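Below: the structure, in structure tokens.
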Amino acid sequence: MELMGKTALITGSASGLGKRVALMLAAQGANIVLNYNSSKREALDLQERLERMGVRAAAVQGDIASAEGAEKLSDEALAWSGGIDILINNAGPFVRERLLFADYETAEIARLVNGNLLGAMLLDRRVLPEMRRRRWGRIIHFGFGHAGEARAWPHRAVYAAAKTGLVSFTKSLAAEEAPNGITVNMIGPGDIRGLHKEQGIDDVAAAGLEGSAGRPGTGEDIARVVLFLCGMRSDFITGSVIDVTGGYDPIRPNIHEAANQALFRPR
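Residue numbering for the sequence shown follows our numbering, starting at 1005 and increasing by one per position.
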């Protein structure tokens, strides 16, 4: 168990990708601080499951889309653990409805930027002192497929801007903290939806999906990359943005559609 004795804080881990990551890190011996906003029952159920695996676990409420929520989460996580070795910034609000930027409310803009950029920055800042003292740490940010290219994403302008800002921050923090034994990377998940976020590769092996690796993506696909980046011998990989998309690009068709709409819009 390579991560025995390490403690991981995973935001948004009561369900979805964060849950699958928590289970995989726990299987390698890591103690887990779960985070939830409103899914308390799911978080407590997962906590019990992790404890049955033989690791320590805690579930901490905190809305990372607010500075107060991020501070509360970091305070309680650090008090429980004594120090975070691995921080997985998985949580981030997303608006499934497709909206033009002009149609967003001010509060929604602030929530998307805070939840996908500022919250991660605040948590990173809180865990760094102990990581520096131990001269070892792993920070992983979640973006989206092709975020590193900073392309246009019509109808997702605010979310995309926050995540591409997080790309730059990932690279900057990686350069600053490399001398301290801390790596900082980003994973760009593809369009993994619904139950697939918690499923394994074998669960979807028979399902076909045009334009990809031949099957839907799963939480296991993401968790395997997280586990690799957290490895003791993965210290030479930092400042990287790793797309886990199965070769599928969900953004480009939207760019073409938006261009066509603009071209043929009545004047």
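We put the CB at the ideal spot given by N, CA and C, even for glycine.
As the structure is a prediction and not an experimental result, all values here were calculated from the model.
Counted as a single uninterrupted DSSP element, the alpha helix (DSSP H) harbouring residue 1171 occupies residues 1161-1181.
Residue 1168 and residue 1197 have their C-alpha atoms spaced approximately 21 Å apart. Here residue 1024 is buried: its Cβ has 16 or more other Cβ atoms, across all protein chains shown, within 10 Å. In this structure, residue 1078 keeps its C-beta atom at 7 Å or more from the C-beta atom of residue 1011.
Ranked by how close their Cα comes to the Cα of residue 1245, the residues 1134, 1237, 1188 and 1013 have 1188 in first place. Where residue 1133 is concerned, the enclosing alpha helix (DSSP H) starts and stops at 1123-1138. Sorting 1230, 1076 and 1142 by C-alpha distance to the C-alpha of residue 1185 places 1142 at the top. Nearest in C-alpha terms to residue 1009, of all of 1015, 1026, 1030 and 1034, is 1034. When secondary structure is reduced to three states using DSSP, residue 1225 falls in the helix class. Residue pairing for residue 1184: DSSP places it in no beta bridge. Looking at 1031, 1182 and 1016, the one whose alpha-carbon comes closest to that of residue 1046 is 1016. A residue is called buried once 16 or more other Cβ atoms fall within 10 Å of its Cβ, and residue 1124 is buried on that count. Classified as buried, residue 1146 has 16 or more neighbouring CB atoms from the shown chains inside 10 Å of its CB.
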